[in-house]
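Protein sequence lines, in the order shown, are assigned to chains F and S. The numbering of the first sequence is this note's numbering, which starts it at 1 and goes up by one. The numbering of the second sequence is this note's numbering, which starts it at 1 and goes up by one. For reference, the structure is listed below as structure tokens.
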Amino acid sequence: DVKVTQSSRYLVKRTGEKVFLECVQDMDHENMFWYRQDPGLGLRLIYFSYDVKMKEKGDIPEGYSVSREKKERFSLILESASTNQTSMYLCASSLISLVTGNTIYFGEGSWLTVV
Amino acid sequence: GENVEQHPSTLSVQEGDSAVIKCTYSDSASNYFPWYKQELGKRPQLIIDIRSNVGEKKDQRIAVTLNKTAKHFSLHITETQPEDSAVYFCAVSLSGNTGKLIFGQGTTLQVKP
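Here it is in structure tokens:
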């Protein structure tokens, strides 16, 4: 079974704090993603990484940065947390395969509240 | 860029009835269309997917149909059960096989016993 693990399920941070959300996958997947989930808005892509040290902006990268120093680990960083970043954050990974397609496997999610 | 619209946003059905959720997309080069189910408090999980060279795919009570000309695809759930209650997301892969998926806004399905 593919396992995508997010280190923190629930966090409460203060406005202006630097926040790190960590994600690890154990399937040697090339691709890793960070999505943000908000009611009525679905899953919006923040950042995407297709290889170590490689990253690409998604649809809503403002206020976020990412780090991928090792293939299995992808971190989301909020440099200065703001209340509008209160949300559920989902990490995901995938293997590009012509056979299985672009199936994405998600972590359990991290609920972040910024006060 | 790719735009995915999903309807309806909420759907309530009686147990045993059918449920249909529809998504439209904008990029005619998209070639992979998965559906994810997210139960309350859990991660989204793939339930069925379809590729652009196929018009319909079934797996027990769920099916997905794809109309490439009209650029829309639908999820059909027959004989709904209370455990089908969840949020369902459609997704579309971007052309170029980058591995990225763009998701719809989600549909909250409630199956009343």
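Every residue, glycine too, gets a C-beta built ideally from N, C-alpha and C.
Whole angstroms is fine: what's the gap from residue i's alpha carbon to residue j's?
i        : j       : result
Glu56/F  : Arg14/F : 28 Å
Asn67/S  : Ser85/S : 26 Å
Ile96/F  : Asn31/F : 8 Å
Ser75/F  : Arg68/F : 7 Å
Val20/S  : Pro82/S : 16 Å
Val111/S : Tyr88/S : 13 Å
Ala92/F  : Lys3/F  : 10 Å
Val52/F  : Glu72/F : 9 Å
Glu15/S  : Glu79/S : 7 Å
Arg36/F  : Glu39/S : 17 Å
Ser94/F  : Ser80/F : 29 Å
Leu101/S : Val92/S : 5 Å
Gln25/F  : Thr5/F  : 6 Å
Buried or exposed: where does residue i fall if 16 or more other Cβ atoms within 10 Å of its Cβ makes it buried?
i        : result
Tyr10/F  : exposed
Ala70/S  : exposed
Arg61/S  : exposed
Val64/S  : buried
Val115/F : exposed
Phe20/F  : exposed
Ala29/S  : exposed
Pro8/S   : exposed
Lys37/S  : buried
Pro34/S  : buried
Hey, does residue i have any beta-carbon neighbour from chain S nearer than 8 Å?
i        : result
Thr86/F  : no
Thr83/F  : no
Ser8/F   : no
Gly107/F : yes
Ser94/F  : yes
Measure from the C-beta of residue i to each C-beta in chain F and report whether the shortest distance is under 8 Å.
i        : result
Pro82/S  : no
Gln105/S : yes
Gly55/S  : no
Gly99/S  : yes
Leu9/S   : Here the sequence assigns Ser to residue 9/S, which means Leu is not the residue at that position. By this cut-off, Ser9/S is an interface position.
Arg43/S  : yes
Quickly, what does DSSP pair residue i with across the bridge? List them, please.
i       : result
His7/S  : Lys22/S
Arg73/F : Val24/F, Lys70/F
Asn84/F : DSSP lists no partner for Asn84/F.
Thr5/F  : Val24/F
Arg36/F : Arg44/F, Tyr89/F
Ile62/S : Asp59/S, Ile77/S
Val92/S : Ile102/S
His72/S : Thr24/S, Asn67/S
Ala86/S : Leu109/S
Ile47/S : Ile47/S pairs with nothing; no bridge assigned.
Give me the chain C residues within the contact set of residue i, using Cβ-Cβ distance strictly less than 8 Å, ordered along the chain.
i        : result
Thr103/F : Checking the listed chains, one finds no chain C in this structure; the protein chains it contains are F and S.
*What residues in the segment 61-75 of chain F have a beta carbon less than 8 Å from any beta carbon of chain S?*
none
*Closer than 9 Å, Cβ to any Cβ of chain S: which residues of the segment 39-54 of chain F, in chain order?*
Pro39, Gly40, Leu41, Gly42, Leu43, Arg44, Leu45, Phe48, Tyr50
*Closer than 7 Å, Cβ to Cβ, to anything on chain F: give me those residues from the segment 64-91 of chain S, in chain order.*
Phe89
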